[in-house]
Amino acid sequence: MLDASEGYVTEDGRQIGGVVMEMKNITLRFGGVVAIKDISFDIREGEIRAIIGPNGAGKSSMLNVISGFYIPQEGEVFFHGKKRPQMRPYEVARQGIARTFQNIALFEGMSVLDNVMTGRLNHMKSGLFSQALWRGKAEQEETENREIVEKVIDFLEIQHIRKTPVSRLPYGLKKRVELARALAAEPKLLLLDEPMAGMNVEEKEDMSRFILDVNDEFGTTIALIEHDMGVVMDLSDRVVVMDYGKKIGDGTPDEVRTNQDVIDAYLGVSHD
Amino acid sequence: MPDSLLFGTEVVLNGLMAGVLYALVALGFVLIYKASGIFNYAQGVMALFAAMTLYGIMVGQVPFAHLINAIFGTHIHHFGWEVPAIIAIVLTIAVMVLFAWLVQQYIFRHLVGQEPIILFMATIGLAYFLEGVADLMWGSEIKALDVGLPQGGSFWIEENTQWMGMGNENFYGFFLDQLDLIATVIAAVLVIALVAFSQYTKQGRAMRAVADDHQAALSVGINLNFIWVLVWSVAGFVALVAGIVWGSKSGVQFSLSLIALKALPVLMLGGFTSIPGAIVGGLIIGVGEKLFEFAIGPLVGGATENWFAYVLALLFLVFRPQGLFGDKIIERV
Numbered sequence: 001m002l003d004a005s006e007g008y009v010t011e012d013g014r015q016i017g018g019v020v021m022e023m024k025n026i027t028l029r030f031g032g033v034v035a036i037k038d039i040s041f042d043i044r045e046g047e048i049r050a051i052i053g054p055n056g057a058g059k060s061s062m063l064n065v066i067s068g069f070y071i072p073q074e075g076e077v078f079f080h081g082k083k084r085p086q087m088r089p090y091e092v093a094r095q096g097i098a099r100t101f102q103n104i105a106l107f108e109g110m111s112v113l114d115n116v117m118t119g120r121l122n123h124m125k126s127g128l129f130s131q132a133l134w135r136g137k138a139e140q141e142e143t144e145n146r147e148i149v150e151k152v153i154d155f156l157e158i159q160h161i162r163k164t165p166v167s168r169l170p171y172g173l174k175k176r177v178e179l180a181r182a183l184a185a186e187p188k189l190l191l192l193d194e195p196m197a198g199m200n201v202e203e204k205e206d207m208s209r210f211i212l213d214v215n216d217e218f219g220t221t222i223a224l225i226e227h228d229m230g231v232v233m234d235l236s237d238r239v240v241v242m243d244y245g246k247k248i249g250d251g252t253p254d255e256v257r258t259n260q261d262v263i264d265a266y267l268g269v270s271h272d
Numbered sequence: 001m002p003d004s005l006l007f008g009t010e011v012v013l014n015g016l017m018a019g020v021l022y023a024l025v026a027l028g029f030v031l032i033y034k035a036s037g038i039f040n041y042a043q044g045v046m047a048l049f050a051a052m053t054l055y056g057i058m059v060g061q062v063p064f065a066h067l068i069n070a071i072f073g074t075h076i077h078h079f080g081w082e083v084p085a086i087i088a089i090v091l092t093i094a095v096m097v098l099f100a101w102l103v104q105q106y107i108f109r110h111l112v113g114q115e116p117i118i119l120f121m122a123t124i125g126l127a128y129f130l131e132g133v134a135d136l137m138w139g140s141e142i143k144a145l146d147v148g149l150p151q152g153g154s155f156w157i158e159e160n161t162q163w164m165g166m167g168n169e170n171f172y173g174f175f176l177d178q179l180d181l182i183a184t185v186i187a188a189v190l191v192i193a194l195v196a197f198s199q200y201t202k203q204g205r206a207m208r209a210v211a212d213d214h215q216a217a218l219s220v221g222i223n224l225n226f227i228w229v230l231v232w233s234v235a236g237f238v239a240l241v242a243g244i245v246w247g248s249k250s251g252v253q254f255s256l257s258l259i260a261l262k263a264l265p266v267l268m269l270g271g272f273t274s275i276p277g278a279i280v281g282g283l284i285i286g287v288g289e290k291l292f293e294f295a296i297g298p299l300v301g302g303a304t305e306n307w308f309a310y311v312l313a314l315l316f317l318v319f320r321p322q323g324l325f326g327d328k329i330i331e332r333v
């Protein structure tokens with residue numbers, strides 16, 4: 001098991017840093033239904049961390065806890081070593097945690113460029129007044145933000161659709177625009193909710209490549225959810241496996257692959 | 001030029017002016033509807049409340065005077081001072097911002113994600129509540145609002161359009177009310193400012209984002225509550241502008257709140273989600289009803305202005321339910 005407090009080196013030789021985010025004994029209930037049951041794990045700087053599990057295992061709930069959309073009944077969340085007080089989703093976003101959604105939440109009426117621009121909202125500091133006058137600082141800030149946005153657009157290869165309204169794009173490209181918007185925020189932690197869901201093989205390969213490139217190029221810490229085991233194993237450094245709201249495995253892809261509980265959960269065994 | 005053509009032209013010009021006023025009210029509806037999906041029935045009452053507050057502050061009225069006197073047995077009605085219009089307007093804006101905050105904090109924050117009909121009912125409740133508060137605060141008598149806007153026909157336009165009669169002796173130039181002209185300028189400035197605000201400022205971008213998708217807006221760090229307070233504040237400001245113009249024209253009285261009903265057909269025409277739509281819709285209805293009254297009115301006994309707009313709106317509902325500029329309604333199967 002990997003639990004060296006100073007990080008570790010991955011198989012492909014990347015240095016992984018200290019703990020960015022730590023979930024401690026998280027329990028989340030909806031009425032009588034327990035979605036997450038006493039789960040703890042951490043996410044380290046620079047790594048690609050996956051949360052996997054069969055449908056209904058509680059993966060999306062966990063991501064929603066991290067991003068502040070759900071508030072757990074029990075447990076604590078530590079971000080950069082500090083205990084996080086109860087926060088609303090927009091406050092979590094302002095702390096530098098960006099996310100995408102399983103069912104894509106884009107601004108359908110805006111162009112691709114405008115969508116990605118909204119990712120910069122948290123970095124715009126100029127007040128209403130100076131913006132109204134459009135002078136000095138506000139103008140400079142706008143230019144800087146535009147540069148970062150253009151860089152992200154170039155990186156994800158969506159230059160050709162930058163002026164297109166999002167509502168006209170096919171599904172696979174929408175997913176990429178959503179990733180671009182999250183990236184534009186220069187997040188300290190990037191959460192991806194089933195980034196490959198509903199894609200064909202070619203689109204899945206593209207998305208995998210982009211996720212790896214993002215991690216490589218910007219050093220972004222990424223936590224992602226996926227139920228396609230094959231994709232996850234190739235992509236991630238460490239994997240948390242969930243089943244029925246409980247954590248049944250945690251470790252490198254190889255460790256997880258040989259874990260008997262994980263094999264049972266995926267292949268199914270009779271519980272008697 | 002023949003009399004009828006000249007007169008018809010003047011009717012169109014006056015229709016345009018009236019249309020601008022309708023558009024001003026419709027604008028307030030569009031702002032709130034776009035950003036929160038709430039059809040704000042109280043927009044008209046907000047205009048009334050804003051105009052009453054402005055008047056009350058200007059003449060130094062004591063708010064809730066009747067209530068205070070009834071409870072404490074005092075006889076105070078006025079502070080004994082008068083406030084210049086410009087300062088009173090700033091103070092009224094502050095009151096409208098406070099109102100926006102109260103509305104969001106105590107009503108709509110608790111109704112997020114509810115059915116549109118429930119939100120609509122809440123605004124009906126709000127309308128009657130606000131009407132009551134307005135009466136209690138400032139009294140229900142008719143008030144003559146005068147913030148210094150010029151009134152009466154514009155001699156300059158009359159003199160300089162006389163030549164257009166081309167020898168017609170009955171023609172003395174076009175008659176246009178100065179107040180209407182000012183209202184047109186104000187509306188134009190307001191629309192340009194609103195469009196610039198929503199396109200180029202951080203808060204404007206956030207406003208458009210919230211209008212589009214709540215979840216996505218949260219995920220990029222937008223505080224929905226703040227944006228909604230902002231939107232209601234802007235709508236309150238637009239209501240104040242409409243209240244000033246209408247109040248200067250025909251006095252501040254209860255009927256001011258009914259202009260909201262006139263804005264409805266404007267919205268059906270222009271679409272509930274389009275700022276330019278509100279303007280164009282207002283102009284079409286303004287010109288349409290004046291021309292209709294001029295041309296067809298005498299044949300059916302007049303008073304067509306009361307129903308023309310609604311019939312036009314009905315036709316639009318049947319043939320183009322999204323309005324001229326509204327987002328197209330496409331049902332995907």
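So the sequence lines, in the order shown, correspond to chains A and B. Residue 1 is where the first sequence starts when you use the UniProt record's numbering, and the numbers rise one by one after that. Residue 1 is where the second sequence starts when you use the UniProt record's numbering, and the numbers rise one by one after that. Every residue, glycine too, gets a C-beta built ideally from N, C-alpha and C.
| query | result |
| --- | --- |
| In terms of residues, what are the limits of the beta strand (DSSP E) holding A/ARG44? | 33-44 |
| Any C-beta of chain B sitting closer than 8 Å to the C-beta of A/ASP264? | no |
| Please classify A/ASP254 as buried or exposed, where buried requires at least 16 neighbouring CB atoms within 10 angstroms. | exposed |
| Taking only the alpha-carbon atoms, compute the straight-line gap between A/VAL20 and A/VAL77 and give it to the nearest angstrom. | 11 Å |
| Would you call the CB atoms of A/GLY58 and A/ILE43 closer than 8 Å? | no |
| Among all the DSSP beta bridges, which residues are the ones paired with B/MET96? | The partner list for B/MET96 (beta bridge, DSSP) is empty, contrary to what the question assumes. |
| Tell me which residue opens and which closes the beta strand (DSSP E) that A/THR27 is part of. | 19-30 |
| Let me check understanding here. Comparing Cα to Cα, which of B/LYS202, B/VAL241, B/THR184 and B/VAL266 lies closest to B/ALA47? | B/VAL241 |
| What does the alpha-carbon distance come out to for the pair A/VAL177 and A/VAL116? | 7 Å |
| Could you give the DSSP three-state label for A/GLN102: helix, strand or coil? | coil |
| Looking only at C-alpha atoms, which of A/ASN55, A/MET62, A/GLU6 and A/GLN140 sits nearest to A/LEU224? | A/MET62 |
| Please name the residue or residues paired with A/THR221 in a DSSP beta bridge. | A/LEU189 |
| Restricting to Cα atoms, I'd like to know which of A/ASN103, A/GLU186 and A/VAL152 is closest to A/LEU210. | Sequence check: residue 210 of chain A is Phe here, not Leu. Ranking A/ASN103, A/GLU186 and A/VAL152 by Cα distance to A/PHE210 puts A/VAL152 first. |
| Going by beta-carbon coordinates alone, are A/SER111 and A/PRO165 separated by less than 8 Å? | yes |
| Measure the alpha-carbon distance for A/LEU28 versus B/ILE284 and round it to whole angstroms. | 56 Å |
| Quick check: the Cα distance between B/GLY148 and B/GLY251, rounded to an integer number of angstroms? | 14 Å |
| May I ask you to verify whether the region 284-296 of chain B touches the region 184-204 of chain B, counting CB pairs closer than 8 Å and requiring at least 3? | no |
| Can you tell me whether A/ALA4 is helix, strand or coil according to DSSP? | Reliability fails at A/ALA4, whose pLDDT of 49 lies under 50, so the model's placement of it is uncertain and the value that follows must be treated cautiously. Coil at A/ALA4, not helix or strand. |
| Does any C-beta atom of chain A lie closer than 8 Å to the C-beta of B/GLY221? | yes |
| Rounded to whole angstroms, what is the Cα-Cα separation between A/GLY68 and A/TYR266? | 29 Å |
| Measure the C-alpha to C-alpha separation of B/ALA188 and B/LYS249 and round it to an integer number of angstroms. | 18 Å |
| How long is the line joining the alpha carbons of B/GLY28 and B/ILE279, rounded to whole angstroms? | 11 Å |
| Based on the DSSP secondary-structure assignment, which residues constitute the bridge partners of A/MET242? | A/LYS247 |
| I need the straight-line Cα distance from A/GLU6 to A/VAL241, nearest angstrom please. | 23 Å |
| Using the C-alpha atoms, what's the distance from B/TRP307 back to B/PHE294? | 14 Å |
| Nearest to A/PHE41 by CA position, among A/GLU147, A/TYR70, A/LYS24 and A/THR221, is which residue? | A/LYS24 |
| When you compare only the Cα positions, how much space is there between A/THR220 and A/GLU205? | 19 Å |
| What first and last residue would you give for the beta strand (DSSP E) that runs through B/PHE39? | Note, B/PHE39: premise wrong, no beta strand (DSSP E); not H, not E. |
| Under 6 Å Cβ to Cβ from A/PHE79, same chain only, skipping five residues before and after it: list those, please. | MET21 |
| Taking contact to mean at least 3 C-beta pairs separated by less than 8 Å, is the region 298-315 of chain B in contact with the region 77-96 of chain B? | no |
| Would you mind telling me which residues of chain A sit closer than 8 Å to B/ARG109, beta carbon to beta carbon, in chain order? | Those do not exist, as B/ARG109 stays about 12 Å from chain A at its closest Cβ, beyond 8 Å. |
| Could you have a look at A/SER167 and say whether DSSP puts it in helix, strand or coil? | helix |
| Contact between the region 135-150 of chain B and the region 95-111 of chain B: three or more CB pairs below 8 Å? | no |
| Among the candidates A/GLU11, A/PRO72, A/LEU179 and A/VAL33, whose CA atom is the shortest distance from the CA of A/GLN86? | A/PRO72 |
| Which residues in the same chain as A/ILE16 place their Cβ atom closer than 8 Å to its Cβ, once the five residues preceding and following it in sequence are excluded? | GLY7, TYR8, VAL9, THR10, ARG44, GLU45, GLY46, GLU47 and ASP237 |
| Identify the continuous alpha helix (DSSP H) that holds A/VAL116 and give its terminal residues. | 112-118 |
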